[in-house]
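Colleague: Following this message is one structure expressed as structure tokens.
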Amino acid sequence: MASKTKRRPATEINRIAKALDDAQRKAAPIAQLSSKKDGALSLDDAYRTQATTIALRLKRGDVRSGVKMGLTSRAKAAQMGVFEPVYGRLTDGMLVQDGGSIAFADYCHPRVEPEIAYLLKSSMSGRLSPTEAMTHVEAVAPAIEIIDSRYRNFKFSLEDVVADNTSASGYVLGPWAAPDVDTSNLGMVLEFNGRAVEVGSSAAILGHPERSLAEAARFAAETGDELQAGFIVLAGAASAATALTPDTSVKLTVEVLGSTGFNVTG
Ligand code: OOG
Ligand code: MG
Numbered sequence: 000m001a002s003k004t005k006r007r008p009a010t011e012i013n014r015i016a017k018a019l020d021d022a023q024r025k026a027a028p029i030a031q032l033s034s035k036k037d038g039a040l041s042l043d044d045a046y047r048t049q050a051t052t053i054a055l056r057l058k059r060g061d062v063r064s065g066v067k068m069g070l071t072s073r074a075k076a077a078q079m080g081v082f083e084p085v086y087g088r089l090t091d092g093m094l095v096q097d098g099g100s101i102a103f104a105d106y107c108h109p110r111v112e113p114e115i116a117y118l119l120k121s122s123m124s125g126r127l128s129p130t131e132a133m134t135h136v137e138a139v140a141p142a143i144e145i146i147d148s149r150y151r152n153f154k155f156s157l158e159d160v161v162a163d164n165t166s167a168s169g170y171v172l173g174p175w176a177a178p179d180v181d182t183s184n185l186g187m188v189l190e191f192n193g194r195a196v197e198v199g200s201s202a203a204i205l206g207h208p209e210r211s212l213a214e215a216a217r218f219a220a221e222t223g224d225e226l227q228a229g230f231i232v233l234a235g236a237a238s239a240a241t242a243l244t245p246d247t248s249v250k251l252t253v254e255v256l257g258s259t260g261f262n263v264t265g
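According to numbering that gives the first Met the number 0, the stretch in the sequence shown is residues 0 to 265, in order.
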């Protein structure tokens, strides 16, 4: 037990972060950290590893663009067997243009999720109520998250997935609306080639996606991160994730907010 929670030296964190970063760049998944003898990380070390994977991206020229909450809906938690919300970091290199395309071969085993995005107009951190958190919001938009676990078979423990930046891989943003739109219970339809693959409601996200927004501020404070003005906050999937397929046109429509989408080439 002691070895499981012992704080890892920076050299080890760097080594694990590099393995995850390589897996992402080569689209070649690796074994779960927790599957190896003495491989399991503490949650704290998992967030240190996550921050290090982001530092590698920034070194290559990416710029931080926001954060994402994950496992904030019952459907997602049940799908992955991990029942605690997680926090990940976004960079501009992950942004897929609305109407743009991605190549299937660039990913290990990509999935998509219907989400709501908030755009911050001022920095926030610590314990805030959802209403307080909303005073920092400039706009809201429909969003699709592309997740892609760097672990084999898309399986992981809580600490594994946190170290792997909560499977963050890409995100697509629809039109921005004023923040006075009530996002508590908006119908959401995710379509592949014009056929609905997931139907849900934004209420599935912690009961209200603004709760997830407030949670992001708490996670930022606890993980030594910063939510800056101009950052995007993805509130988490409203439904289970759907595996992407080549030659697929993906579209999300959120009631009141509108649509966004992208194409997957073979
Ligand atoms: C972890 C990330 C989950 C969400 O919106 O729930 C997530 C995963 O399922 O790979 O992004
Ligand atoms: Mg997500």
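By construction, the Cβ of each residue, glycine as well, lies at the ideal position given by its N, Cα and C atoms.
Just mark Asn164 as buried or exposed, buried being the case when its beta carbon has 16 or more other beta carbons within 10 Å.
Modeller: So Asn164 ends up on the buried side.
Colleague: Would you check if the distance between the CB atom of Leu276 and the CB atom of Val171 is smaller than 8 Å?
Modeller: Lying before the first or after the last residue shown, residue 276 is absent from the chain, which here runs from 0 to 265.
Colleague: Give every residue of the same chain whose Cβ lies closer than 7 Å to the Cβ of Asn184, excluding the five residues on either side of it in the sequence, and list them in chain order.
Modeller: If we look at Asn184 and ignore the five residues flanking it on each side, its Cβ neighbours are Ser200, Ser201 and Ala202.
Colleague: Based on DSSP bridge pairs, tell me the residues matched to Arg63.
Modeller: The partner list for Arg63 (beta bridge, DSSP) reads Thr90.
Colleague: So Ser64 and Leu42 are supposed to be a Cβ contact under 8 Å. How far apart are they, rounded?
Modeller: In fact, because the Cβ distance is near 24 Å, the residues do not count as touching under 8 Å.
Colleague: Report yes or no: do three or more beta-carbon pairs, one from the segment 107–114 and one from the segment 214–229, lie closer than 8 Å?
Modeller: No: fewer than three Cβ pairs fall under 8 Å.
Colleague: Would you call the segment 55–63 in contact with the segment 110–127, where contact means no fewer than 3 C-beta pairs closer than 8 Å?
Modeller: No, the segment 55–63 is not in contact with the segment 110–127.
Colleague: To which residues of the same chain is Thr252 closer than 6 Å at the C-beta, ignoring the five residues directly before and after it?
Modeller: Cβ within range, chain order: Val188 and Ser258.
Colleague: Alpha carbons only, please: which of Ser166, Thr130 and Leu70 is nearest the one belonging to Arg151?
Modeller: Looking at the Cα atoms, Ser166 is the closest of the given residues.
Colleague: Is Asp262 helix, strand or coil by DSSP?
Modeller: This sequence places Asn at residue 262; Asp is not what is there. Reduced to three states, the DSSP call for Asn262 is strand.
Colleague: Let me make sure I understand the geometry here. Which of Pro8, Arg47 and Glu209 has the alpha-carbon closest to that of Leu19?
Modeller: For Leu19, the nearest C-alpha among the options comes from Arg47.
Colleague: Could you tell me whether the Cβ atoms of Gly125 and Ala216 are closer together than 8 Å?
Modeller: A contact, by the Cβ cut-off of 8 Å.
Colleague: Nearest to Arg88 by alpha carbon, out of Lys75, Thr134 and Glu144?
Modeller: The shortest Cα separation from Arg88 among Lys75, Thr134 and Glu144 belongs to Glu144.
Colleague: Compute the distance between the beta-carbons of Thr71 and Ile231, then report whether it is under 8 Å.
Modeller: No; because the gap between Cβ atoms is not below 8 Å, this pair is not in contact.
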